[in-house]
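> Taking my numbering, the leading residue of the sequence shown gets 1, the next gets one more, and so forth.
Here a beta-carbon is modelled for each residue, glycine too, at the ideal position from N, C-alpha and C.
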Amino acid sequence: MNGKKILFVSSELVPYLPENPVSLMSYEAPRMVNSNGGQIRIFMPRYGNINERRHQLHEVIRLSGMNLVINDMDMPLIIKVASIPKERIQVYFIDNEEYFKRKATFEDADGNLFPDNDERAIFFAKGVVETVKKLNWSPDIIHVHGWMASLLPLYLRKYYADEPLFADSKIVTSVYDKGYDGELDNEMMNKIAFDGIPKENISSLSAPDYNNLLKVAVDYSDAVILASEEISDDLKNHIANLSKPVLPYVSLQEAEDAYTNFYKTEVLK
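1) Taking contact to mean 3 or more Cβ pairs, one atom from each stretch, closer than 8 Å, check whether the segment 115–128 and the segment 147–161 are in contact.
2) Please specify which runs of the beta strand (DSSP E), each continuous and at least 3 residues long, are wholly inside the segment 117–178, giving them in chain order.
3) Roughly how many angstroms separate the alpha carbons of Phe114 and Phe106, rounded to a whole number?
4) What is the rounded straight-line gap between the Cα of Ile225 and the Cα of Gln56?
5) Residue range of the alpha helix (DSSP H) that Lys215 falls in?
6) Rounded to the nearest angstrom, how far is the Cβ of Ser26 from that of Phe8, given a contact under 8 Å?
7) What separation, rounded to the nearest whole angstrom, lies between the Cα atoms of Ser228 and Lys191?
8) Is His58 buried or exposed, if buried means 16 or more other CB atoms sit within 10 Å of its CB?
9) Among Asp222, Asp95, Val250 and Gly38, whose alpha-carbon lies nearest the alpha-carbon of Ala167?
10) Determine the contact status of Trp147 and Leu63, defining contact as a CB-CB distance below 8 Å.
11) Does the separation of the CB atoms of Leu268 and Lys170 fall below 8 Å?
12) Can you look up Gln56 in the DSSP assignment and give me helix, strand or coil?
13) Flag this pair as yes or no: are the beta carbons of Trp137 and Lys4 separated by less than 8 Å?
14) Which partner residues of Asn67 appear in the DSSP bridge assignment?
15) Put Phe100 into one of helix, strand or coil per three-state DSSP.
16) Would you tell me roughly how many angstroms separate the C-alpha atoms of Ile50 and Ser251, rounded to the nearest one?
17) Please classify Glu12: is it buried, with 16 or more other beta-carbons within 10 angstroms of its beta-carbon, or exposed?
18) What number of angstroms, rounded off, separates the C-alpha of Tyr180 from the C-alpha of Asp209?
19) If you compare alpha carbons, which of Ala82, Pro18, Pro15 and Ala29 is closest to Tyr263?
20) I want to know whether the segment 242–261 touches the segment 29–40 - three or more CB-CB distances under 8 Å.
21) Specify the secondary structure class of Met44 as computed by DSSP and reduced to three states.
22) Considering Asp234, what are the terminal residues of the alpha helix (DSSP H) in which it resides?
23) DSSP three-state label for Ser204, please.
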């Protein structure tokens, strides 16, 4: 992986959020690439339950200040950054007062999904791309983890299709069994269509449950990693029918060799 540029985009990441399969692998995968000579950037949302003082987040003024249009509303983009000290890894945080100030990640105190999670996912996807454009950093691989990041492949291939910075980038989506119950806002498809993305490209989002959202992610990815042992048959069958490179589930202990080999022989071939 020496010299290869890999952009990691994740819903969750330790040490900023509690450990679970998504947040742990979102940390381990960049660490592996970093230790093998690759260049990395990591992006995640700046949820309100992340302790900014403890983790020493600070705003990057030169990257902030842009407005992103979400469903015909101007939403200010704030970029913050922090470092994971023992790994010397920098993490960029996508922030917005309206979407990410609340002191929780995806659900309210009663366990109900936030009604604007769909808009938060759109904002996150656009925010990542716009920030990477400002950094003028062209990744060889873009690796997506977690459902809040899962609109990124669609937006890169459709909304940002003519952006030369990503013309040669390969997209990998890791698919986890841990998602969300129920559905996101039933207007999600219309909000994405507002950005000029044809509805036929996102027809599965007429019912925006976890499986259908991940189907859209893998449809616009170049390769797929099965990051959990148990994945629904519906999702597994969809992936199997895509004729794309798929890395079967491997344990954390096997991940370094397996991921590195997959990147080199299947994704970048």
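Quick answer:
1) yes
2) With a minimum length of 3 residues, the continuous beta strand (DSSP E) runs that stay inside the segment 117–178 are 141–145 and 170–175.
3) In the sequence shown, counting from the first residue as 1, residue 114 sits at position 114. In the sequence shown, counting from the first residue as 1, residue 106 sits at position 106. Taking the straight line from one Cα to the other gives about 6 Å.
4) Along the sequence shown, one-based indexing puts residue 225 at 225. Along the sequence shown, one-based indexing puts residue 56 at 56. Taking the straight line joining both Cα atoms gives about 32 Å.
5) Numbered from 1 along the sequence shown, position 215 holds the residue referred to as residue 215. Tyr210 to Asp219 is the extent of the alpha helix (DSSP H) around Lys215.
6) Counting from one through the sequence shown, the residue named residue 26 turns up at place 26. Counting from one through the sequence shown, the residue named residue 8 turns up at place 8. Sure, about 7 Å apart at Cβ, within 8 Å.
7) Along the sequence shown, read from residue 1 onward, the residue named residue 228 stands at position 228. Along the sequence shown, read from residue 1 onward, the residue named residue 191 stands at position 191. C-alpha separation (whole angstroms): 30 Å.
8) Here residue 58 corresponds to residue number 58 of the sequence shown, with the count starting at 1. Exposed is the call here.
9) Walking along the sequence shown from the start, residue 167 turns up at place 167. Minimum Cα-Cα distance from Ala167 among the listed residues Asp222, Asp95, Val250 and Gly38 corresponds to Asp222.
10) Start at 1 with the first residue of the sequence shown, and residue 147 comes out as number 147. Start at 1 with the first residue of the sequence shown, and residue 63 comes out as number 63. For Trp147 and Leu63, no; Cβs fall outside 8 Å.
11) Start at 1 with the first residue of the sequence shown, and residue 268 comes out as number 268. Start at 1 with the first residue of the sequence shown, and residue 170 comes out as number 170. Yes, these two residues count as a Cβ contact at 8 Å.
12) One-based indexing of the sequence shown puts residue 56 at position 56. Coil.
13) Along the sequence shown, read from residue 1 onward, the residue named residue 137 stands at position 137. Along the sequence shown, read from residue 1 onward, the residue named residue 4 stands at position 4. Cβ atoms of Trp137 and Lys4: not closer than 8 Å.
14) Residue mapping note: residue 67 aligns to position 67 of the sequence shown, counting from 1. According to DSSP, Asn67 bridges with Pro76.
15) Counting from one through the sequence shown, the residue named residue 100 turns up at place 100. It is helical.
16) Counting from 1 along the sequence shown, the entry for residue 50 is found at position 50. Counting from 1 along the sequence shown, the entry for residue 251 is found at position 251. The straight-line gap from Cα to Cα measures roughly 28 Å.
17) By one-based count along the sequence shown, residue 12 stands at place 12. Looking at its Cβ environment, which holds 16 or more other Cβ atoms inside 10 Å, Glu12 is buried.
18) Along the sequence shown, one-based indexing puts residue 180 at 180. Along the sequence shown, one-based indexing puts residue 209 at 209. So the alpha carbons of these two residues sit roughly 8 Å apart.
19) Your numbering for residue 263 matches position 263 in the sequence shown. For the residues Ala82, Pro18, Pro15 and Ala29, the minimum Cα distance to Tyr263 belongs to Ala29.
20) They touch, by the three-pair rule.
21) In the sequence shown, the residue the question calls residue 44 occupies position 44. Met44 falls in the strand class under three-state DSSP.
22) The residue given as residue 234 occupies position 234 in the sequence shown. Run containing Asp234: Asp233 to Ala240, per the alpha helix (DSSP H) assignment.
23) For the purposes of this step, residue 204 is taken as residue 204 along the sequence shown, with counting starting at 1. Looking at Ser204 - three-state DSSP - the assignment turns out to be helix.
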